[in-house]
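This report concerns only the one structure given below.
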Amino acid sequence: MSLEEANQRLREQVAQRDERIQQQGLLIKQMQEQIAALSQHVKDWQDRLAKDSHDSSLPPSSDRFVRQPKSLRKKSAKKSGGQEGHPGTTLRFSEAPDEVIEHQVSVCSSCQQDLRQVQACVTLRRQVVDIPSPRLNVQEHRAEQKQCPRCQHLTLAAFPPAVTAPIQYGPRIGAVAVYLTQQQLLPLERTCEVLSDLLGVQMSEATVGELIQRAACQLAPVEQQIKEALIEAPVIHQDETGVRVAGKGYWEHVTSTASLAHYQVDASRGQDALNAIGILPLFKGISIHDGWASYCLYDCEHALCLVHVLRELVFQAEEQGALWAAELKDLLLSMKQATQHAREQGKRWLDPVQVLDWERAFLRWLDEAHHVTPRATAPPGSKGRIKQGAARNLRDRLRKHQRAVFCFLEDLRVDFDNNLAERDLRMIKVQHKVSGCFRSLAGAQAFSRIRGYVSTLRKQGLPLLPALQATLSGHPLLPSFEGT
């Protein structure tokens with residue numbers, strides 16, 4: 345073999361080696377990128393598994409392991425149980441009992457002397473409070489028909505407007521059926537069982553459904569009045585939750601105050617649903633919510649539910665060791681305590697200088713978070729937005745919505761949290777767990793309207809059964825729309 349051939353072969357071998365090295369380098373780079381992606385994926389899953397109800401928005405029912413409860417509330421100096429001055433409830437003696445049973449002494453328990461003619465020196469009283477045995481009251485309406493002797497015309501007396509069928513259930517029984525389904529959240533079948541077992545009423549599920557639809561129809565004007573009162577309210581709470589309607593995903597929206605509640609079910613979670621409800625487009629007060637972007641599209645003042653923020657800060661402080669998150673958490677809790685004390689003293693505003701100091705401290709820690717959680721940058725040549733970490737997203741969100749964060753501090757009419765709306769939605773979730781879903785959209789809409797009515801009555805301390813009875817009679821009891 346000549347030297348040129350040998351040299352050529354060596355060059356080919358070197359070229360093949362360089363190509364293999366280049367291929368291995370590309371493979372190593374791909375493996376490093378894959379390892380980095382998998383590591384980030386594992387970290388994301390570890391962060392998800394580390395979250396529970398105390399440091400995220402997960403419900404307590406989703407906690408996977410038993411843990412010691414850790415509340416963000418600071419322990420107060422109050423004793424557990426009823427506080428001093430609490431009225432309480434207890435049985436009281438009736439001055440006009442429905443039935444009196446006399447227990448007389450006939451003989452002496454010591455010497456057996458006959459005492460029937462001896463006058464009693466003391467009479468002791470004891471009362472037993474119970475309900476009478478259920479008994480259906482059948483009310484028959486008879487309408488006369490008379491013939492005029494002069495013109496021979498037949499005149500029939502008019503039945504009451506509520507009496508429309510040859511035989512029907514009265515408004516009291518109907519109110520009980522609607523109450524059991526809409527307030528106590530019993531399914532139709534169990535409602536029929538309760539009516540049969542307790543009242544001896546053999547009512548079908550279809551009849552209960554008709555009563556619900558009838559009540560909802562009568563309450564349409566009342567619902568509109570509730571919406572108009574909410575539009576004029578200075579502060580409202582808003583939230584939404586997912587429900588199943590006829591096998592499809594829908595959203596239950598709630599708008600409420602301490603004395604009013606409005607529910608509406610819609611296929612949309614966002615702006616289309618809020619426009620259809622019609623409250624936010626006309627509202628000019630302060631809306632407290634969890635920061636869902638659709639709420640922020642409307643021209644009113646906004647306040648964030650800071651309990652959601654606290655849970656995220658707790659996770660960053662406890663699981664990620666973020667000092668800035670721990671400091672922000674303590675700062676928010678101090679603000680909350682100050683606003684609570686101010687409300688107890690009847691104040692409407694805090695000291696502006698103190699508020700300004702708190703806000704400056706809050707923004708300083710956000711600036712610190714900006715330095716320790718740098719913004720992620722996209723690799724050269726990549727397109728689209730790069731995914732940011734949870735800590736950076738939290739920091740950016742607090743900075744962007746800082747006015748909504750400080751709203752509760754600057755106006756004591758604004759609550760620290762959105763618990764009012766969340767409590768109003770809680771029974772929706774209970775109903776959903778009991779029944780699984782709404783069978784039809786009409787049933788979901790009827791439930792929403794009636795639920796808003798009974799929730800409003802309950803908040804105002806008004807009796808539910810008489811109100812539902814009046815509703816089924818065609819004259820709904822109107823709640824108060826003042827001072828909302």
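Take the sequence shown: its position 390, counting from 1, is numbered 734 in my numbering, and each next residue is one higher.
We put the CB at the ideal spot given by N, CA and C, even for glycine.
None of the values given here were measured: they were computed from a predicted structure.
Query: Supposed close pair residue 697, residue 630 - CB separation, criterion 8 Å; Result: So it is not a contact: roughly 23 Å between Cβ atoms.
Query: Supposed close pair residue 778, residue 531 - CB separation, criterion 8 Å; Result: 6 Å
Query: Length-filtered (3 minimum) beta strand (DSSP E) runs lying within the segment 465–502; Result: 489–491 and 498–500
Query: Inter-residue CB distance, residue 823 and residue 806 (contact presumed, cutoff 8 Å); Result: 6 Å
Query: Residue from 520, 444, 581 and 564 with nearest C-alpha to residue 551; Result: 520
Query: Top-ranked residue by Cα proximity to residue 525, from 815, 775, 796 and 813; Result: 775
Query: First and last residue of the uninterrupted beta strand (DSSP E) at residue 636; Result: First-last for residue 636: undefined, no H or E at that position.
Query: Under 8 Å between C-beta atoms of residue 796 and residue 570; Result: yes
Query: Buried or exposed by the 16-neighbour rule on C-beta atoms within 10 Å, applied to residue 730; Result: exposed
Query: Given residue 695 as reference, the closest of 583, 647 and 682 once Cα atoms are compared; Result: 682
Query: Coarse secondary structure for residue 458, derived from DSSP in three states; Result: strand
Query: Cutoff 6 Å; reference residue 490; Cβ partners in own chain excluding five residues on either side; Result: 499
Query: Contact under 8 Å by Cβ, residue 654 with residue 676; Result: yes
Query: Paired residues, beta bridge with residue 782 - DSSP; Result: 589
Query: Assigned secondary structure, residue 579 (DSSP; H/G/I helix, E/B strand, else coil); Result: strand
Query: Residue 678, DSSP secondary structure in three states; Result: helix
Query: Bounding residues of the alpha helix (DSSP H) (the contiguous stretch that carries residue 700); Result: 696–716
Query: Backbone secondary structure at residue 843 - three-state DSSP; Result: Residue coverage of the chain in this structure runs from 345 to 828, which leaves residue 843 outside it and unanswerable.
Query: Cβ-based burial, residue 678 [other Cβ within 10 Å; buried from 16]; Result: exposed
Query: Minimum C-alpha distance to residue 449 - residue among 441, 458, 442 and 443; Result: 458
Query: DSSP-derived helix/strand/coil call for residue 554; Result: helix
Query: Beta-carbon contacts of residue 540 that lie in its chain and below 7 Å, excluding the five residues immediately before and after; Result: 546
Query: Whole-Å CB distance - residue 554 paired with residue 536, under 8 Å assumed; Result: Actually they are not in contact, since the Cβ atoms of residue 554 and residue 536 sit about 13 Å apart, beyond 8 Å.
Query: Rounded Cβ spacing between residue 763 and residue 633 (contact assumed at less than 8 Å); Result: Residue 763 to residue 633, Cβ: 12 Å. No contact.
Query: Beta strand (DSSP E) segment containing residue 663, residue limits; Result: Taken as a continuous stretch (DSSP letters only), residue 663 belongs to no beta strand (DSSP E), as it is neither H nor E.
Query: Rounded Cβ spacing between residue 813 and residue 738 (contact assumed at less than 8 Å); Result: The pair is not a contact, with the Cβ atoms about 51 Å apart (cut-off 8 Å).
Query: Inter-stretch contact (C-beta, 8 Å, three-pair minimum) for the segment 737–752 and the segment 701–712; Result: yes
Query: Where residue 609 sits in the DSSP three-state scheme; Result: strand
Query: Cα-Cα separation, residue 364 to residue 351; Result: 20 Å
Query: Bridge-paired residues (DSSP) for residue 595; Result: 586 and 610
Query: Spatially closest choice to residue 701 from 474, 754, 596 and 733, by CA coordinates; Result: 754
Query: Beta-carbon contacts of residue 628 that lie in its chain and below 7 Å, excluding the five residues immediately before and after; Result: 644
Query: Close-in-space but distant-in-sequence residues of the same chain around residue 566 (CB under 7 Å, 5 per side omitted); Result: 797, 820 and 822
Query: For residue 630: DSSP bridge partner residues; Result: 579 and 645
Query: As assigned by DSSP and simplified to three states, the class of residue 824; Result: coil
Query: Proximity to residue 650 [Cα-Cα], best of 493, 475 and 760; Result: 760
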